[in-house]
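The structure under discussion appears below in the form of structure tokens.
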Amino acid sequence: MSTNYQLPEDFYYTKEHEWAQVDENIVTIGITEFAQEQLGEIVYLDLPEEGAKYSQGESFGVVESVKAASDLYAPVSGTVIEVNASLMEDPSGLNDDPMNNGWLIRIEMETEKELANIMRAPDYRKLIQK
Amino acid sequence: MEISTNPPQKTPLAQEHERLGARMVDFAGWWMPVQYRGLKEEHQSVRSGVGLFDVSHMGEFRVRGPKSLESLQWMTTNDVSKLQAGEAHYSLFPNENGGIVDDLIVYCVKPGDEYLLCVNAANIEKDFAFVQKSNRGAELKNESSEWGQIAVQGPKALALLDRIFAAGDVLPSKMKAFTHREFSGSKALSGVRMIVARTGYTGEDGAEVFVPKSSTVVLWNELLAVGKDLGVEPIGLGARDTLRTEMKYSLYGHEIDDTTNPYEAGLGWVTKPMAKDFLGKAKIVAVKEQGLKRKLVGFEMIDRGIPRQGYVLKSVSGEPIGVCTSGTMSPSTGACIGIGYVTLENSADGTEIAVDIRGKNVRAKVRPTPFIEK
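Here is the structure:
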């Protein structure tokens, strides 16, 4: 099992293994390399429609491996403005490149104050190295 | 799956799995490999080549003595009197309420005198308590801690087994399905008593090899080495589950449990009330005589979605009609498939049903099984 996960220092992370890249009020959301490795081969994705609104910590979708279904949680509150359509057709892209091309959704963040509730890379690294 | 608070038990092969890079999980109290290189790849290895499974966590009980047949007839549903030396059959431990304590394989060593039972790992303690309580005078011994077990499965499994097991003219490939025999060792383990049984849980040809615990690692590595040119691969529990699901084989805790009637589960073929008396017989038979209310079926998704255990099954008009017991994406066909109980009127092949997947009714269709051509 790999232990050298890409964990960009400018990303935010949740304890449920989502990452969030913040560009002003637009947040791109995905799952971490650690998460994709734990899930194994991803065969199904359930992602929201554009315009759907989620609160911080709310489930916005589901990722399924052959074995099991896992919920995806919104790192911050906001409205979905874009969904990664290519993944819906071929979810294996999530295994190949979870930190870049395997992004899941983009949301318009309600308030950047919520970023204080989630982790930066050093804390997340500690979490997955436990 | 049972959640264990104790540290998981280890099979003799735990270190080998870790060395092979497996991801290990606590499965029913056992530290087991869930996958090595990837579930789909492992699944395919078994469907097209040969795979090795560590099934050392399974339980083995020895039943001996002049009362062994009478005891087994009482505590299992299948007709043990039919078994000749070297034969085996699938069976159930029934409970007094007409449910199922566990499913098992009964291996006949000597008719009327000696049998070996193979039971589920998660149920070893419960099952041994059950056989002790239901016993009618047989000598019982829980040999689970003495045996390792390796399942060798796939179209090339017998070719591999033939290379290391031979007793005169007897080769594993010459043995019939559901027979077993003792070999005095493999090539690398000459003189070590092992049982090769032509049984399995994948739908493929192959065998399950019972090997003394202390020789398990040597046999495992021998099989990997000798089968290299056949493409032998170690297979984790993840693929074990998708392989059995494609065959619609029952898994205890999913399709069957303490409350399941054998007829509803489609296990009437191992339930023999005409042949003999057995524990819970009247209650088991009553359910059938009153007319089955529900039936275990296989179904395939029409719309996108993966069915999972516990999801509610509905009629096309949205009425609840049952529950899903297992589901996955079939690595062989790519279809999303499920097993579940539905009311009798919704159980015919071709019936359209719906699966409640996270609040949405997703269309599916009852279909014949196995889910793959066999």
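Chains A and B are the protein sequences, given in the same order. Residue 68 in our numbering sits at position 68 of the first sequence, with consecutive numbering throughout. Remember, our numbering sits 1000 above the position in the second sequence when you count from 1. No residue lacks a Cβ here, since even glycine has one placed at the ideal position from N, Cα and C.
Can you tell me the Cα-Cα spacing of Arg1294/B and Tyr1341/B, whole angstroms? Taking the Cα positions, Arg1294/B is about 6 Å away from Tyr1341/B.
Is Tyr1201/B close to chain A, meaning its C-beta is less than 8 Å from at least one C-beta of that chain? With its beta carbon at least 8 Å from every one in chain A, Tyr1201/B lies outside the interface.
Reference Lys1176/B, options Asp1169/B, Ala1157/B, Thr1199/B and Asp1162/B, closest by Cα: The candidate whose alpha carbon is nearest that of Lys1176/B is Thr1199/B.
Applying a beta-carbon distance threshold of less than 8 Å, which residues of chain B neighbour Tyr160/A? Examination of residue 160/A is not possible in this model, given that chain A is present from 1 through 130 alone.
Under 8 Å, Cβ to Cβ, is there at least one residue of chain B near Val80/A? Not an interface residue.
C-alpha distance - Glu1125/B paired with Glu1345/B, whole-angstrom precision: One C-alpha to the other measures close to 38 Å.
Take Lys53/A as the anchor and find which of Ile81/A, Thr14/A, Met99/A and Pro98/A has the nearest alpha-carbon. When only C-alpha atoms are compared, the closest one is Ile81/A.
Look up Thr1328/B in the DSSP assignment and give the residues it is bridged to. Under DSSP, the beta-bridge partners assigned to Thr1328/B are Ile1337/B.
Quick one: is Gln1015/B near chain A, going by C-beta distance under 8 Å? It does not: the Cβ of Gln1015/B has no partner Cβ on chain A nearer than 8 Å.
Contacting residues, own chain, Cβ-Cβ under 8 Å from Pro48/A (five flanking each side not counted): So the qualifying residues of the chain are Tyr54, Phe60, Gly61, Val80, Val83 and Ile105.
Interface residues of chain A facing Arg1358/B [CB-CB closer than 8 Å]: Asp46 and Val62, listed in chain order.
Beta-carbon neighbours of Gly1310/B, restricted to chain A and to distances below 8 Å: Under the 8 Å cutoff, chain A gives no residues; its nearest Cβ is about 11 Å from Gly1310/B.
So, is the C-beta of Thr1369/B closer than 8 Å to a C-beta in chain A? For Thr1369/B, the answer is no, since every Cβ of chain A falls outside 8 Å of its Cβ.
Since Val1063/B and Leu1117/B should fall inside the 8 Å C-beta cutoff, what is the C-beta to C-beta distance between them, to a whole number of angstroms? Contact holds; Cβ gap of about 6 Å.
Excluding five sequence neighbours on each side, which residues of the same chain lie with their C-beta closer than 7 Å to the C-beta of Asp1393/B? Coverage of chain B is limited to positions 1001 through 1374, which leaves residue 1393/B absent and any answer about it impossible.
Just the chain A side, please: which residues come within less than 9 Å of Thr1242/B by C-beta, in chain order? When 9 Å is used as the limit between beta carbons, Thr1242/B is near these residues of chain A: Val66 and Lys67, in chain order.
Are any of the Cβ atoms in chain A nearer than 8 Å to that of Gly1238/B? Yes, contact with chain A.
Boundaries (first-last residue) of the alpha helix (DSSP H) holding Glu37/A: Looking at the DSSP string, the run of the alpha helix (DSSP H) that includes Glu37/A is Glu33 to Leu39.
Uninterrupted alpha helix (DSSP H) stretches inside the segment 1217–1294 of chain B (no shorter than 4 residues): As far as the segment 1217–1294 of chain B is concerned, its whole alpha helix (DSSP H) runs of at least 4 residues are 1237–1247 and 1281–1289.
Ends of the beta strand (DSSP E) at Asp1026/B? Bounds of the beta strand (DSSP E) holding Asp1026/B are Arg1023 to Phe1027.
Is Glu33/A close to chain B, meaning its C-beta is less than 8 Å from at least one C-beta of that chain? Taking 8 Å as the CB threshold, Glu33/A stays off the interface with chain B.
Who are the Cβ neighbours of Thr1351/B in its own chain at under 6 Å, not counting the five residues just before and after it? So the list reads Val1366, once near-sequence residues are dropped.
Arg106/A, DSSP secondary structure in three states: The answer is strand: DSSP assigns Arg106/A an E or B state.
Secondary structure at Lys1187/B, three-state DSSP: helix, strand or coil? It is coil, neither helix nor strand.
Inter-residue Cα distance where the pair is Ala134/A and Met1329/B: Outside the modelled stretch of chain A, which goes from 1 to 130, sits residue 134/A, for which no answer is possible.
Per DSSP, cross-strand counterpart(s) of Asp1054/B: For Asp1054/B, which the question treats as bridged, DSSP gives the partners Ile1150/B.
Could you tell me how far apart the beta carbons of Ala1225/B and Val1152/B are, in whole angstroms, since I believe they sit closer than 8 Å? Incorrect: roughly 14 Å between the Cβ atoms, too far for contact.
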